[in-house]
Every structure is written in structure tokens, then in C-alpha cells.
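Student: Residue numbers (our numbering): 428 to 1031. A virtual CB, placed ideally from N, CA and C, is assigned to each residue, including glycine.
Encoded structure:
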């Protein structure tokens, strides 16, 4: 009887589950269809830019290429974080610079994250060029941090809410060192990392920062900070020492509001022009640029950046010959692409797609990655070599960071470009993992068994023999030798020379050029032009070969519109994006040799 009852109950629950899932699916479809219908039949009046203030207020992360999860899963977790492609934002700023119909530009980057300092400096440079056209640019924010002030400083005037703050905090920070903790917990850490500067594993193996890591971080961060200070200072017509003074003596870390003394000091130092609340700012803008009545309220004529993008965006030019651009963005690992993840399976497929097209005459590989898996890096490099064997030149463009695995995938290119603040190098191998034999001994857990080979069944809960220790050391050493030889071959250098500049050390882009790791300084546009020249093209179009989002994500993308695309993510900075995938390389049950540069992430 009970068996029959539970059988019927199971059938009922299965039917109920199917009914609920169908109901949810039906509700989602109705909502999407309703959104499409509303967007078609309830469209607002077509906006115009004539005589208006263009409101540039990106909310989200500015990065090379938007990426999406493979599937849109229920329940939806659509956050307010958007992905904003750098090329789209730059194109909008350049169109605004050429648009004589605009009355002015208003900027607010207080809710904008950047893939890194190089991306931020590129956008700041475009804002400076926009200002040079003579169009008034006014910056207004609730509060300003290092990155957002870099943007605001390019405006003619900078205002902050009186209850806000200005926190120019500089670059760098602290990491945790857990050697004392692992000793107390009786955990043994085995370190086989190759290169004195390869500091990815130092957190596990040391109690403090090594001299080598301190040296490389200092030589990395200082030039970037000097460039950022110079850009801020030039925008405000002050000496860079004023920016340093603000950072050292008046910026409180994490301060986002109630910085009354802080803002008064910033105004006295000439870093801002004053403070205004929102009603005061509206009145100020209406006095300068005119007053209109909208929805029963007085305001100044303005147009949003998404409206302006839709209004002014031209269809890309199409030519018989194309330079294909493929992105390696995020931590390199096997599998699919996604937010923060450069999935080698997808990237290899995109490269094959690119070099298989008859129109593709050259390829630019845009690398913005601190590296990751060796096999995944090899998969990408293999496809670069396959393109070259077909006679298609490949040019690498290094973005904010192209280090470790980012170098691995780049070195066989015909030409390599970086920017002065690009972080590159880190030619080394990170291998460190804990074993727990002392923990098991303390806990009274013993292991015994029968094996047919000496190391069969070994895991990190077992002791490590001298022979196995030597095998791990040889494994890491040969991986490092492979890396050095790849770079030497690709850069036409002697392996001994590459070894002398390797050691896991990171270099700033300008220094990487001096060392011969890159050929020249230049941005993505420069690399595209160089690729076209290598292919001897007089006219060409640019073909961004990217992975298309799923159908469901495409619908949401179309419904949202604009140049920013929301994803299911709580990411607010590129470092946060990257940290999501670092855990892949920390699985203690499977020791891994990685070409990953954790010291390469620089947050603004």
C-alpha cells in the first residue's frame, strides 16, 4: 500500500513540477513578447542632438569585448552591471568631437570600472581630445575616486556634490601571506615555481613580500601612476605634485561621502571647481545651455549617451579585404568564453573562423589577459601558427595586461604592439600546492593500500617521497624551459637572453619594447593598420570575430539597446572579474603548472 501511495505521490510531484516549469516558461515568453511589442508600438519621439548637452555617464565595466554566459539560466540575476566595449565608447567620443550641433558634454564616470589603467588612460585621452575641439565639458558626480577623477579632470569644469568626496588613492595594495597559518594547521606547502619574480604562489609560501616582488611591483606601478598623475595634472593645469599631495594627505581610502574637509581642500588645490547639489547643478546648466520643460519639470536640453549612440552610429564599412580581430580577454583556460574567462575552445574556433574566411587577409589578436592554463595557451597559439601557415599575417595588440599566458599566446605573431602602460612579461611557471600528511597524522588518519606502480593513488593527503618531489620539480622546470624557448623562437633571440629577462618578472610596455619582447608602441588601431600594411592592403574593413550570445541573451540585448550590455554578474571591476576564475587553478586535488600572473592586476 505504501509503495503504491509513494508511487502515485511521485507521479503527482513530477506532473506538478512539469506544470510549474511550463507555467514559468510561458510567463517568460509572454514577458519577452510584451517587451518586444511595447518597444515597437510605444516608441518615444525620435531624439535629436541639435543644441543639446550630451550626457556621458557609463555605468559598468569598460573592456575590450563584451562576453556572455553560455546559457541564460532561471532564476534571472540581471544586475545593474554593464559591459561597455572600449571601441564603442571611443567611437562615441570621436563622433561627439566632430558633431558641431552639440551644445556641450556632461560627464560622470563615478559608476564606471575599467579593465585596467591602459584602458582608463585611453578613454581619458579621448576626453582630452574632445575638450580640445572647444566644446564645453562639465563633470559632475556625487563622489570621485582615482579612475573617475582621471576622467573628470579632462573636463573644463569639475563639480562634486557637497556631501560627496574626492578620493584619489593611487595604485597598489596588500595581499595576504599565509605561511604562519599553514604551519599552525600542519599543512605542508610544496613550491616548484620557476623564476625568482614569479610571485603568484608567494601568498602560500612566505610571511611577507619578497624583495624581488617588491622591486617588480614598484617598477611597474610607479610609471603607471606617474602617467595617470600627469594626465590629471595637465587637465587641471596644476603640477603633478598637487595630485600626490591630495593622495597622500587628504584622500581617505574608501571615502565615498561626507568628505567636507576633503572637498574644501580639493577646491583650494584647484582639483575641482566647487560643489553643487543637484538642484543647483540643474540651475547652473539651465543658465548656461538653456531651459526646457520636460514632463512638467524645468531642465536643460540634453540627450543620453545611449540615445546619441543609436542616433549617430553608422553601419561599418564593408570591403572585399578584411583585417579580422579576435580577442583573448580574461584568464586563459580550456572551455568556453564567458565574463572574465578567455575560453580557449571558443577562441581557437574564432581564430579558425577568421582564417577560413576568404575575405580575411590579416588577423589582429587583441590580448588582455594575465594568462592561466598552459594547454589552453598552447591551443590558442596553435591556431595563430595555423593562420600564418596559410600566409595570413598575425599582429598582436597588447592591452592593459598581456603577461605569462598572455605572452605565451603572443610570441609567434609577426609583429607585437603594446602601450607604454601595458603590463607584460612574467615569463615563468607557477606551481605550488599544499599536502596534508601532517594534518592526517595529527587527526589519527592512516592510509594503506596496494598499487602496481610507485606513485599510483598518490594524493595531497599522503606524504611526498624524494623521488616524487624530484618528478614535480622536473615537471615545472621543463614547462619553464618550453616557455623560454617559445619566446626565444618567436622573438628571434637566444634562449639564454630570454632566460635573463624572464624569471617570472613583469615589465611595463615601454620597457618590454627595450627588451625586445614587443616591437613597437601602439594601440589596437595601430595594430590593425600594421596588419593591413603587412598584408599589403590598400583598402580594408575591420571584422570583429566574436562569439555570439545565446538567442535569449540576444533578445535581452535588443530590448536594452545602447552601447552597454547587462550580464548576470556582480562584477564591478576587472580584477573582480578575473578573481572569479582564479579558483580554477587552486584545486589542491590536482596540482597544476600554470602560466598565470596574479601580480598583473592593477585596480583603479
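If distances are taken between C-alpha atoms only, which option among 574, 537, 530, 569 comes closest to residue 549?
Tutor: Out of 574, 537, 530, 569, 574 has the C-alpha closest to the C-alpha of residue 549.
Student: Taking the C-alpha atoms as reference points, what is the distance between residue 964 and residue 820?
Tutor: So the alpha carbons of these two residues sit roughly 12 angstroms apart.
Student: Buried or exposed: where does residue 837 fall if 16 or more other Cβ atoms within 10 Å of its Cβ makes it buried?
Tutor: Classification of residue 837: buried, given that the 10 Å Cβ count is 16 or more.
Student: Evaluate residue 794 with the Cβ neighbour count: other Cβ atoms within 10 Å of its Cβ, from every protein chain shown; 16 or more gives buried, anything less gives exposed.
Tutor: Buried: at least 16 other Cβ atoms inside 10 Å.
Student: Taking 9 angstroms as the cut-off, decide whether the C-beta atoms of residue 648 and residue 1029 are in contact.
Tutor: The answer is yes: Cβ separation under 9 angstroms.
Student: Out of 714, 577, 534, 553, point me to the one whose CA is closest to residue 521's CA.
Tutor: Here the closest residue by C-alpha is 553.
Student: Which one of 882, 801, 868, 881 has the shortest CA to CA distance from residue 1020?
Tutor: Closest option to residue 1020, Cα to Cα, is 801.
Student: Name the DSSP bridge partner or partners of residue 636?
Tutor: DSSP lists no partner for residue 636.
Student: Going by DSSP in three states, residue 899 sits in which element: helix, strand or coil?
Tutor: Here residue 899 sits in helix by DSSP.
Student: Between which two residues does the beta strand (DSSP E) harbouring residue 792 extend?
Tutor: 787-796 is the span of the beta strand (DSSP E), which, as asked, contains residue 792.
Student: What span of residues does the alpha helix (DSSP H) with residue 951 cover, start to end?
Tutor: From DSSP, the alpha helix (DSSP H) with residue 951 extends over 951-961.
Student: Measuring CB to CB, does residue 853 end up less than 9 angstroms from residue 798?
Tutor: Yes, the Cβ-Cβ distance between residue 853 and residue 798 is below 9 angstroms.
Student: Can you tell me which of the three DSSP states residue 481 falls into?
Tutor: Looking at residue 481 - three-state DSSP - the assignment turns out to be strand.
Student: Assuming residue 803 and residue 740 make a contact with CB atoms under 8 angstroms, what is their CB distance in whole Å?
Tutor: No, residue 803 and residue 740 are not in contact; Cβ-Cβ is about 35 angstroms, not under 8 angstroms.
Student: Measure the C-alpha to C-alpha separation of residue 398 and residue 705 and round it to an integer number of angstroms.
Tutor: Given a span of 428 to 1031 for the chain in the structure shown, any question on residue 398 remains unanswerable.
Student: Pick helix, strand or coil for residue 570, following the three-state DSSP scheme.
Tutor: Residue 570 falls in the coil class under three-state DSSP.
Student: Ignore the nearest five residues each way along the sequence and tell me which others in residue 638's own chain have a CB closer than 8 angstroms to its CB.
Tutor: Contacts found: none.
Student: When you compare only the Cα positions, how much space is there between residue 547 and residue 490?
Tutor: If I take the Cα positions, the gap works out to 10 angstroms.
Student: Can you list the alpha helix (DSSP H) stretches of 4 or more residues lying completely in the segment 589-649, in chain order?
Tutor: Listed in chain order, the complete alpha helix (DSSP H) runs (minimum 4 residues) inside the segment 589-649 are 606-611, 629-632.
Student: What's the C-alpha gap between residue 670 and residue 834?
Tutor: Between residue 670 and residue 834, the C-alpha separation is close to 34 angstroms.
Student: Three or more C-beta pairs closer than 8 angstroms, one from the segment 713-720 and one from the segment 934-948: is that the case here?
Tutor: As far as the Cβ criterion goes, the segment 713-720 does not touch the segment 934-948, which means the pair count is below three.
Student: Does the separation of the CB atoms of residue 542 and residue 1023 fall below 9 angstroms?
Tutor: Cβ distance not < 9 angstroms, so residue 542 and residue 1023 don't count as in contact.
Student: Between which two residues does the beta strand (DSSP E) harbouring residue 545 extend?
Tutor: No beta strand (DSSP E) holds residue 545; the alpha helix (DSSP H) holding it covers 544-559.
Student: Can you tell me which of the three DSSP states residue 376 falls into?
Tutor: Outside the displayed range of the chain (428 to 1031) lies residue 376, so it cannot be described from this structure.
Student: Taking residue 483 as the reference, give the member of 735, 572, 711 with the closest Cα.
Tutor: Nearest C-alpha to residue 483: 735.
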